[in-house]
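A short write-up of the structure that comes next.
Numbering (the numbering used here), first residue to last: 51 to 257.
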């Protein structure tokens, strides 16, 4: 982002000195590109609701999967899997859904299929975190898409995270899946828009 801004400044100076029409047009395009980059990487503050039983959305976007199945890893038994698709226009900062300790970490190399597809959760490049908080356990998958070729995730096994804390970023259109115990009460529906660190995805147990 800084490199783009510096390049735009250099070209702007050249356009101001020479007045060349080509440089003027290039200047406008470069500043438009800088504006888009700033917009894509925005990181607005969030205010997590209080409540130990609350599991918050890890990402901004639209819910594309709410499904019950058998656990694949970290958790056991029947679980809920909730997937959120992040469009190019959504905030791409990822936040921790609960307070706890990272008890599981896995990085998977893979494909870059469209993140809306169901198979993206298994085949695409991704980072997988298992977080334990008291009696609660959740699994979080940060999944790359066609445009997003890199998943940035800061916590590693043994790290402690707070509910709503920034833990990483997926650049451009991507997918985040959250797996919670089967006895959790899911609070979202298909097609619903959610906000990272604020929207309640599920409730586990009671307060």
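A virtual CB, placed ideally from N, CA and C, is assigned to each residue, including glycine.
| Query | Result |
| --- | --- |
| Closest to residue 97 by C-alpha separation, out of 216, 150, 192, 176, would be which residue? | 216 |
| Please confirm whether any heavy atom of the ligand PLP lies closer than 6 angstroms to the CB of residue 187. | Among the components of this structure there are no ligands whatsoever, and the ligand PLP is therefore not found. |
| Which first and last residues belong to the beta strand (DSSP E) in which residue 246 is found? | From DSSP, residue 246 is part of no beta strand (DSSP E); its letter is neither H nor E. |
| Leaving out the 5 sequence neighbours to the left and right, which residues in its chain are closer than 6 angstroms to residue 242 when beta-carbon positions are compared? | 113 |
| Between which two residues does the beta strand (DSSP E) holding residue 102 run? | No beta strand (DSSP E) holds residue 102; DSSP gives it neither H nor E. |
| Quick one: using the 10 Å Cβ neighbour count with 16 as the cut-off for buried, is residue 117 buried or exposed? | exposed |
| Am I right that residue 104 and residue 253 are in contact with their C-beta atoms under 8 angstroms? What's the rounded C-beta distance? | 6 angstroms |
| Mind reading off the beta-carbon distance from residue 152 to residue 131? Whole number of angstroms is fine, and I expect it under 8 angstroms. | In fact, because the Cβ distance is near 19 angstroms, the residues do not count as touching under 8 angstroms. |
| Count the other CB atoms, across all protein chains shown, that sit within 10 Å of the CB of residue 227; report buried if there are 16 or more and exposed otherwise. | buried |
| Which partner residues does residue 219 have in the DSSP bridge list? | 143, 202 |
| Within its chain, find whatever has a CB closer than 6 angstroms to the CB of residue 107; leave out the 5 residues flanking it on each side and keep chain order. | 244, 246, 249, 251 |
| Could you name the residues that DSSP lists as bridge partners for residue 130? | 118, 230 |
| How about residue 115: is its C-beta nearer than 7 angstroms to some C-beta of chain B? | Of the chains in the structure shown, none is chain B; there is only one protein chain. |
| Given residue 147, which residues of its chain have a CB within under 8 angstroms of its CB, disregarding the five upstream and five downstream residues? | 105, 106, 107, 108, 181, 188, 190, 213, 228, 251 |
| Buried or exposed for residue 208, going by 16 or more other Cβ atoms inside 10 Å? | exposed |
| Report buried or exposed for residue 281, applying the criterion of at least 16 other Cβ atoms within 10 angstroms of its Cβ. | No answer is possible for residue 281: it lies beyond the span of the chain, which begins at 51 and ends at 257. |
| Buried or exposed, going by whether 16 or more other CB atoms sit within 10 Å of the CB of residue 125? | buried |
| Measuring only the C-alpha atoms, how far is residue 128 from residue 233? | 8 angstroms |
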